[in-house]
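> Submitted below is the structure of interest, expressed as C-alpha cells.
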Amino acid sequence: MLEKILFELAKRTSVVKTLSSNKPNWITKVDENGIYVETESSRQKHQNGEKTNPWDVISFDFITTAWQEFISQRTANANDFVKTRGRTSFLMALFAELPFVEVVTKDQAAAIQLKEFKTDDLPNEQFHKVVEFLDEVIEGKYDPLKLSSQLKDNDNLYRNKSRGRQDLRLLGFLDDRHEKNDVAFHMYAMSEEHEKVLVLRNIIEHTPYFRIALFVLELLKDFAPRDKKEALLELGMLIVRNSKADNLMVESVAKERTTNLLKWLESVHLVDENWVPIENSREITAVNSKLQQYFLHIMNTYLKAKTEPFGEHPLGSVMRQDLTSEIRNLPFINEDYVVSGSVGMGNWAAVPWLAIMHRSITTSTQRGYYLVYLFSEDMNSLYLTFAQGITETPKEEIIQIKEEIRTQIEMKESVHKDDQIYLGPSKKAKDYAFSTAAYIRYDIPAMPDEKELVQDLQDMIGYYEKYIELKSHYPDNAPQIEVHEEQEEIMPMQDVVNHIYSYITSKGFYYEKEEVTNLFLALKTKPFVIISGISGTGKTKIVQWLAESVGATERNGQFTLIPVRPDWSDGSDLLGYVDISGVFKEGPLTRIVESAISNPNRPYFALLDEMNLARVEHYFSDILSVMESRKRENGQLVSSPLLSRELTGRDIYLPSNLYIIGTVNMDETTHPFSKKVLDRANTIEFNRVKLEHFQFLINNEPVDPVTLHNDVFTATFLHIQDVFNHNQEVVEKSTEVLVEINDVLQLLFAHVGYRVRDEICFYLAHSREGKLMTDEQALDHCILQKILPRIAGSDTRVERVLKELYKIFTNKRIDNISTITQDNLASAKYPKSAEKVVEMLRRLDDDGFTSFWLSS
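No gaps in the numbering here: position 262 of the sequence shown is 262 in full-length UniProt numbering, and each next residue is one more.
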C-alpha cells in the first residue's frame, strides 16, 4: 500500500525539483502506464525533432523497484539506486515530497532518508481512557509522579494508568520526568466541556506523527478504510522504532497503535467514520493559528484567576507567551513588529491587553501608536483597537489623532469609528476607551471563527500601515502611547547566584555552589562559554536548568538546544544560506537571534550540543569575529552585522542578550580546539563525580523560576580601560601574575595576548562587583579556564612548563608527582590550577602525552 501513496502523490503533484541542481521535472499525466515526466531537456529535444513526445513515461514497476531500493538502505544517494539508474534525480525528488522522507547528505552528495519515530510518538491507549486519566489527574485522584506508589497493590490498574500517563506525555501535558505542564493543564481544566475537544484537537493535529497520518489519509481519501489502515500499518513498521530498544515496530504493536491513532483522530473530529479528513479541520490547519482558543480561554478564566495569587499564575504565561507567539507566527506579522501582552504588574490588571507595535513608530511600549487587543473588565467582550497614548499625551492631541485616523483612513464596515467602546467602570478602562480611534468588538456568544479573527487583524494591520505612511509625509505630532509591560526582575549578583544554585539543586542535580558561581561569572564576562567533561556529568542539564531558573525555556523560545552535526563546514549550517532561488533559509541560531532582538530585556540561551563534532573554527568563526566587534553606543552593547542586508534583506546583529554555550567531549570522534577558539571562551570542566553524595536530595524543596532582566547577565566591562577606571588594583594585580605565567609559557609559544589578559581582568572585576569570590579564587578559575587549555604535547618542554607553573601556583617545587597529596594542593594559592597541572603531569608520565582535556 505504500506504493499507492506514491502514485496518489504523483497525481497531485505538478512539478518536483531535483535535489542537487534544483531543475524542474513536470508531471503532466499519471495513468495505468505510469508517470509522464517532462524536463527542460526533453522539451527542447521534442522541439528540435529529436523526440516524438516531450515526455518520458516512468512505469509503476520501475518506481516500485526504486522505492524498495530506497527503503532497504533507509538513507540513499544516487549511487544506491543500482537497478533504477537513469531517473534517480527525479525519483529522489519525488520521494522527498513525502512528509516522512527528509533530504540529507551522504558521502558528500545529496541523499534522502526516512524520518524515524518512536513507539511513544503513537498513542498507547484508547482515547477515552486517556481523557479519563487526564480528568483524574486534574481532580487530584492520581499524581503522575507517584503513580507506582499509589497503585502498588493493583498491577493491572497501574499498567492501564501508566499507558494513559505515557499518552499525556505525547500530548504535552507531562514532560519526560512526568512533571506537569501547568499551562497546558490549566488551559484544559478551565475550558468548557465543548472546548476541551477543541483543545485536544489542536494539540493532536500539530503533533508530527499525526500530521503524517493525516497526510496519508488525505492522499488515500477515495480508498476503502481497510486500505487506509493497511497503509498506516506498513508506514508504522517502516519508520517507527521501539522506544525501549532499537528494533523497528513489530506488527502486533503497529496494529494496536494504529487502531488507537485512527480512533483518536475520529474522536476529535479530524477524520470522519471512514477516516476521511474533515474539510473544516484542514481549513483550521491551513490557518494554523489558535487565536480564538486563547481569546476564549482568557475570557472564560480571567475573573476566577483574579481571585488567585498573581505570581507565576499560568494565565500570565498564556497571555505573555502563548498568545503573543500565535500573533508573531501569523504570516503578515513580520520582523517589523513587536508583540507584547500583559495581565498586570504585580497585581491583576483591570483591563488585560495585547499590543502589536511597528518598530518604525516605537521599539518600546512607552512610545508611539499601535494596535491593541483590550479585554473588557467583565470579560464578556474583546476589542481589537487602533489606540494611542493616555499617560503623557495631552487631551487635545488625543482628540486630534483620533480624528485623523477616523477621517483619513478608510476602513471596512465592521470597524467602528466612534466613542461607544465600553471596557468597564474603572479609570484605566475609561482612559483606554477614550484613546481608541477605531475598533472591532467581539462578544463571547458570537466569537468569530479563526479565519475571520485572522482576517480582521490583517485588515487592521493594513490600516495601521496606511496611517504610518500618511504620517511620514508631514511632521509627526502624534501623541505617544504608554502601555505598562510585565517587568522583569533585577537582582543583586549574589541573589542571582543563590537563586540559580537553589533552583538547580531543587531539580535533583548536585553541583558545588562555586561551580554555579563560576558559570555565571563566565557568561557575564563573555557570552560564549565551553563546557567540557566526560559523558554523564550533567553538562547539558546545568545549562538547561540555569536558563530555566531565570525564566528562559524552550517553550517561550528563550532557550534553544542545537545539536551540532559532523558535516558542518561553514557558518551557513548554523546561520542559514541563500538557496538556488535566491531565498534566504534561516539556520537554527538565526531564529533565536531574531527572537532575542525582539525582546532585548530578557536573556536568551543557545546550547550547541557536542560542539566539536565538527571543526568549531570552520562553522563558528563568523560568530566569534562578530562577538569581538562588540562596543557601546548610547549606553547599549552593539556589534557588527552577523548577517548582511544582501543575504537576508536586512542587517541582523548579534544581540547583547544572547548567550552561547557549547558542550564538548574529547574522543576519537571529535575535533580539538584551535587557540583562536580557546582565546575567546572560558572553558569549564565538569569531571568531578561523587556518586555517594545524597545529602542534596534530603529535604529538597521546589524552587520556582524567576523571570530576570537581561541586565543581571550583561557585562559591565567591555574594554580594559573600563576596569582600570573602575578598579586599577584588579588590573595591576592580575597582570602581575599573568606576566609571570607568560614568561613560563614562552617556552611552548603558548603565551597569552591582550585579549586573554583583558577578559581575566573583566572576570575578576565582575567577581568583586558582586562580592562572589576572593581575587585568588577568581584568578584560579581564570588560569584553569583560559590558560591551561592551551598546553598540550609530549616533549620535555611541556614537562618543564607544567612544573614551573606548579611552582607559581603553590610556591613549592615539584620533584616527584607521586608524593603530592590533596593537602599539598589545598594549601596552594591557586589550588584548582595546581590540581590540574598535577593531573596533566601524571598523564604525561603514564601516556607520554598530555593535554588539558580528558577523553570520554
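For each residue, glycine too, the CB sits at the ideal point set by N, CA and C.
Mind the definition here: the stretch 291-299 touches the stretch 182-195 only if three or more C-beta pairs lie below 8 Å; say whether that holds.
Contact holds: three or more Cβ-Cβ distances are below 8 Å.
> Return the chain-ordered list of same chain residues with a C-beta closer than 8 Å to the C-beta of Glu326, the five sequence neighbours on each side being excluded.
Counting from one through the sequence shown, the residue named residue 326 turns up at place 326. Closer than 8 Å at Cβ, skipping near neighbours: Ser289, Lys290, Leu291, Tyr294.
> I need the boundaries of the alpha helix (DSSP H) containing Leu2, first residue and last residue.
For the purposes of this step, residue 2 is identified with residue 2 of the sequence shown, where counting begins at 1. It spans 2-11 - the alpha helix (DSSP H) in which Leu2 sits, taken as one unbroken run.
> Bridge partners of Leu374, per DSSP?
As a working note, residue 374 is residue 374 in the sequence shown. Trp353, Tyr383.
> Mapping DSSP to helix, strand and coil, what is Gly462?
Stepping through the sequence shown from its first residue, residue 462 is reached at position 462. Helix.
> Only counting the same chain, and skipping five residues up and downstream in sequence, which positions put a Cβ closer than 6 Å to that of Glu36?
Taking the sequence shown and counting its residues from 1, the one referred to as residue 36 is at position 36. For clarity, residue 36 is Tyr in the given sequence; the question names Glu instead. Here the set comprises Thr28, Lys29, Trp55, Val57.
> Tell me Asn682's beta-bridge partners as DSSP assigns them.
Mapped onto the sequence shown, residue 682 falls at position 682. Val529.
> Where Val752 and Ile787 are concerned, what is the direct C-alpha to C-alpha distance, given to the nearest angstrom?
Position 752 of the sequence shown holds residue 752. Position 787 of the sequence shown holds residue 787. C-alpha separation (whole angstroms): 7 Å.
> Please go through the same chain and pick out, in chain order, the residues whose beta-carbon is closer than 7 Å to the beta-carbon of Ser511, but skip the five residues on each side of it.
Within the sequence shown, the letter at position 511 stands for residue 511. Here residue 511 turns out to be Tyr, not Ser, going by the sequence shown. Counting only Cβ-Cβ distances below 7 Å, and skipping sequence neighbours, we find Ile504, Ile542.
> Tell me the residue span of the beta strand (DSSP E) that contains Gly341.
The residue you call residue 341 lines up with position 341 of the sequence shown. Gly341 -> beta strand (DSSP E) spans 337-342.
> Are the beta-carbon atoms of Leu147 and Lys161 separated by less than 8 Å?
Translated into the one-based positions of the sequence shown, residue 147 becomes position 147. Translated into the one-based positions of the sequence shown, residue 161 becomes position 161. Their beta carbons are under 8 Å apart, which means Leu147 touches Lys161 by this criterion.
> Can you have a look at Asn79 and say buried or exposed, based on whether 16 or more other CB atoms are within 10 angstroms of its CB?
Position 79 of the sequence shown, counted from the first residue, corresponds to residue 79. Exposed: under 16 other Cβ atoms inside 10 Å.
> Run through DSSP, which three-state label would Val57 get?
Reading the sequence shown from its first residue, position 57 is the one you call residue 57. Correct three-state label for Val57: strand.
> Would you list the residues sitting across from Val638 in a DSSP beta bridge?
As a first step, residue 638 is located in the sequence shown; it is residue number 638 there, counting from the start. Bridge partners of Val638: Lys631.
> Check the DSSP bridge columns for Val253 and list the partner residues they point to.
Stepping through the sequence shown from its first residue, residue 253 is reached at position 253. Per DSSP, none; premise fails for Val253.
> Since Ile660 sits in a beta bridge, which residues does DSSP pair it with?
Here residue 660 is taken as the residue at index 660 of the sequence shown, counted from 1. Beta-bridge pairing links Ile660 to Phe528, Ala606.
> Buried or exposed: which applies to Thr796, given that a residue is buried once 16 or more other Cβ atoms fall within 10 Å of its Cβ?
As a first step, residue 796 must be located in the sequence shown, where it is residue number 796. The residue is exposed, with fewer than 16 neighbouring Cβ atoms inside 10 Å.
> Can you give me the C-alpha to C-alpha distance between Glu8 and Asp222, rounded to a whole angstrom?
Taking the sequence shown and counting its residues from 1, the one referred to as residue 8 is at position 8. Taking the sequence shown and counting its residues from 1, the one referred to as residue 222 is at position 222. When rounded, the distance between both Cα atoms is 10 Å.
> With the cut-off set at 8 Å, would you say residue 857 and Leu198 are in Cβ contact?
This structure gives no information on residue 857, because the portion of the chain shown stretches from 1 to 856.
> Would the stretch 247-256 and the stretch 10-20 be scored as touching if the rule is three or more Cβ pairs under 8 Å?
Too few Cβ pairs lie closer than 8 Å, so no.
> Would DSSP call Ala110 helix, strand or coil?
Translated into positions along the sequence shown, residue 110 becomes position 110. Three-state DSSP puts Ala110 in a strand.
> Return helix, strand or coil for Asp272, following the three-state DSSP convention.
In the sequence shown, counting from the first residue as 1, residue 272 sits at position 272. Correct three-state label for Asp272: coil.
> Looking at C-beta atoms only, is the number of pairs between the stretch 199-213 and the stretch 260-268 that lie closer than 8 Å three or more?
Yes, the stretch 199-213 is in contact with the stretch 260-268.
> For the alpha helix (DSSP H) that Tyr510 lies in, which residues bound it at each end?
As a working mapping, residue 510 is identified with position 510 in the sequence shown. Taken as a continuous stretch (DSSP letters only), Tyr510 belongs to no alpha helix (DSSP H), as it is neither H nor E.
> Answer with buried or exposed for His781, where buried requires no fewer than 16 other C-beta atoms within 10 angstroms of its C-beta.
As a position in the sequence shown, residue 781 is number 781, starting the count at 1. That one is buried.
> Tell me the DSSP secondary structure of Arg163 in three-state form.
What you label residue 163 is simply residue 163 of the sequence shown in a count that begins at 1. Arg163: helix per DSSP, three-state reduction.
> To test your reading of the DSSP string, which unbroken alpha helix (DSSP H) runs of 4 or more residues are found completely within the stretch 119-190?
Segments of the alpha helix (DSSP H) lying fully in the stretch 119-190: 127-139, 147-150, 155-170, 182-189.
> Do three or more CB pairs link the stretch 561-571 to the stretch 513-527 at distances below 8 Å?
Result no; under three Cβ-Cβ pairs closer than 8 Å.
> Can you list, in chain order, the residues of its chain whose CB lies under 6 Å from that of Pro479, leaving out five sequence neighbours each side?
Looking up residue 479 in the sequence shown gives position 479. Here the model assigns Pro479 a pLDDT of 35, short of 50, so the residue's position is not dependable and the matter cannot be decided.
> What does the Cβ neighbour count give for Thr819, buried or exposed, with the cut at 16 atoms within 10 Å?
Here residue 819 is taken as the residue at index 819 of the sequence shown, counted from 1. Exposed, since its Cβ has fewer than 16 Cβ neighbours within 10 Å.
> Using the Cα positions of Phe713 and Ser381, report the straight-line distance between them to the nearest angstrom.
Residue 713 sits at position 713 when you count from the first residue of the sequence shown. Residue 381 sits at position 381 when you count from the first residue of the sequence shown. Distance between the alpha carbons of Phe713 and Ser381 is about 41 Å.
> Spatial neighbours of Ile562 within its chain, please: C-beta separation below 8 Å, excluding the five flanking residues on both sides.
Indexing the sequence shown from 1 puts residue 562 at position 562. Within the same chain, Ile562 has close Cβ partners Leu574, Pro588, Leu589, Ala606, Leu607, Leu608, Asp609.
> Have a look at Lys829 and Glu740 and give me their C-alpha separation to the nearest angstrom.
Numbered from 1 along the sequence shown, position 829 holds the residue referred to as residue 829. Numbered from 1 along the sequence shown, position 740 holds the residue referred to as residue 740. Straight-line Cα distance between these residues: approximately 14 Å.
> For Tyr422 versus Val351, is the C-beta spacing smaller than 8 Å?
On the sequence shown, residue 422 is found 422 positions in, with the first residue counted as 1. On the sequence shown, residue 351 is found 351 positions in, with the first residue counted as 1. No. Outside cutoff.
> Between Ser414 and the rest of its own chain, which residues show a CB-CB distance below 8 Å, the 5 nearest in sequence each way excluded?
Within the sequence shown, numbered from 1, the residue matching residue 414 stands at position 414. Cβ within range, chain order: Ile440, Asp456.
> How many Å lie between Leu134 and Asn556 at the Cα?
What you label residue 134 is simply residue 134 of the sequence shown in a count that begins at 1. What you label residue 556 is simply residue 556 of the sequence shown in a count that begins at 1. Their Cα atoms are separated by approximately 24 Å.
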